[in-house]
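Engineer:
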Amino acid sequence: MKQIAALPAYLLGHHGPDELFDASDAKDRSEFSRGRQFLAQDPEQAIRLITYGRWACLPFGLIGLLVSMQWVYELYGRLAGYLAAALWIASPTVLGHMPLITADGAATSFGLLASYAFWHFLRDSTWLNTWFVGFALGICLLTKTFWIILFVLWPVMLICWLVSNGRGEIPGLTRAQTWLKVWSRLAAVMGLGLATLNLGYAFSDVGMPLGDFKFHSFTLSGQPLERLTSGNRFQNSLIPFYSPSP
176 MKQIAALPAY LLGHHGPDEL FDASDAKDRS EFSRGRQFLA QDPEQAIRLI
226 TYGRWACLPF GLIGLLVSMQ WVYELYGRLA GYLAAALWIA SPTVLGHMPL
276 ITADGAATSF GLLASYAFWH FLRDSTWLNT WFVGFALGIC LLTKTFWIIL
326 FVLWPVMLIC WLVSNGRGEI PGLTRAQTWL KVWSRLAAVM GLGLATLNLG
376 YAFSDVGMPL GDFKFHSFTL SGQPLERLTS GNRFQNSLIP FYSPSP
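Numbering of the sequence shown is given in the working numbering, commencing with residue 176 and proceeding in unit increments.
Structure (structure tokens):
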């Protein structure tokens, strides 16, 4: 999301400060001080680049609009789809967050897209729908790590779908064949989602031992709050675990 917002500035030749951010100190959020410094040095250019960055984020709101309208149209008809589009456009939350250079707007739109794709996957688990929902899952994970919850939520929803209203069998298949098909396709969805996520980070640190990561939070670093520095509470774990994602 932030890379998309920064793209206009990059294309216009503004590449930021020459020195790199120092992320060694967990308490030092240097991007805030650099932002204030940039605003003080050249406020006109800063406002212009921020405006371009916000414009670059507007298509994320359009994606959410189209998905919500299409989904409601398929469920309840054309008039309901138009009403859903009107509610999306008039929502103060949507209007307030979509132009911001934050992940919330894009995460909402792509979360809606992934949910719509998964709904189609439940209705017909073809390979086309499998690829579609897997790619949408990966984009969700790229926008915000909150969507990791889908790795738990979707299997639960699939179980509920299979056992409710006699949907335990696909026409022409036995119950065992039906469950094997849909669960194997869901596994493919999860794999495609992880592959898309890793591709977005150019497969950086994929397969890296968990004990080699440096965390800056109290929960994961294992460091006291009064002297919080980077660390890793899993560093001396007896069971090695390799990260499947960046």
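Glycine included, each C-beta is placed from N, C-alpha and C at the ideal position.
1) Excluding the 5 residues preceding and the 5 following Leu195 in the sequence, name in chain order all residues of the same chain whose CB lies nearer than 6 Å to its CB.
2) Can you look up Ala362 in the DSSP assignment and give me helix, strand or coil?
3) Candidates Leu337, Thr320, Thr277: which alpha carbon is nearest Trp294's?
4) The alpha helix (DSSP H) that contains Pro183, what's its start and end?
5) For the segment 305-319 against the segment 250-268, are there 3 or more C-beta pairs whose distance is under 8 Å?
6) Between the Cα of Met244 and those of Leu258, Ile324, Lys177, spot the shortest distance and give me the residue it belongs to.
7) Check each candidate in Cys335, Ile323, Met332 and name the one with the smallest Cα separation from Gly366.
8) So His189 and Leu224 are supposed to be a Cβ contact under 8 Å. How far apart are they, rounded?
9) Relative to the C-alpha of Phe235, which candidate in Phe321, Leu288, Arg209 has its C-alpha closest?
10) How many Å lie between Glu219 and Pro274 at the Cα?
11) When you compare only the Cα positions, how much space is there between Phe307 and Arg298?
12) Less than 8 Å between the beta carbons of Lys356 and Ser300, yes or no?
13) What would DSSP say about Tyr376, mapped onto helix, strand or coil?
14) What number of angstroms, rounded off, separates the C-alpha of Asn304 from the C-alpha of Phe296?
15) Identify which residue in Thr349, Leu316, Ser359 has its Cα closest to the Cα of Leu374.
16) Nearest to Thr277 by CA position, among Leu240, Cys232, Trp354, is which residue?
17) Does Gly252 pass the burial test, meaning 16 or more other C-beta atoms within 10 Å, or should it be called exposed?
18) Give the secondary structure of Asp279 by DSSP, where H, G and I count as helix, E and B as strand, and everything else as coil.
19) Confirm, please, whether the CB-CB distance from Pro267 to Tyr227 is below 8 Å.
20) Any chance you could list the alpha helix (DSSP H) runs of at least 4 consecutive residues sitting entirely within the segment 216-282, in chain order?
21) Taking the continuous alpha helix (DSSP H) assigned at Val331, which residues delimit it?
22) May I have the straight-line CA-CA distance separating Gly242 from Ala215, to the nearest angstrom?
23) Within 10 angstroms of the Cβ of Trp302, are there 16 or more other Cβ atoms? Answer buried if so, exposed if not.
24) Measure the C-alpha to C-alpha separation of Thr371 and Leu361 and round it to an integer number of angstroms.
25) From the DSSP output, in three-state form, read off His189 for me.
Structural biologist: Let's see:
1) Because the pLDDT at Leu195 is just 49, under 50, the model does not fix this residue reliably, and the value given afterwards should be weighed accordingly. Once the five neighbours on either side are set aside, Leu195 has no close Cβ partner at all.
2) Of the three classes helix, strand and coil, the one that applies to Ala362 here is helix, per DSSP.
3) Of the candidates Leu337, Thr320, Thr277, the one whose C-alpha sits nearest the C-alpha of Trp294 is Leu337.
4) 177-186
5) no
6) Ranking Leu258, Ile324, Lys177 by Cα distance to Met244 puts Leu258 first.
7) Ile323
8) 6 Å
9) Leu288
10) 19 Å
11) Phe307 and Arg298 have their alpha carbons spaced roughly 14 Å apart.
12) yes
13) Looking at Tyr376 - three-state DSSP - the assignment turns out to be coil, as it is neither helix nor strand.
14) 5 Å
15) Leu316
16) Cys232
17) With a threshold of 16 other beta carbon atoms within 10 Å, Gly252 falls short and is exposed.
18) helix
19) no
20) 218-251, 253-265, 267-272
21) 325-338
22) A small correction: the amino acid at residue 242 is Val; Gly does not occupy that position in the sequence shown. Val242 and Ala215: Cα-Cα distance of roughly 41 Å.
23) exposed
24) In this structure, the straight-line span from the alpha carbon of Thr371 to that of Leu361 is close to 15 Å.
25) coil
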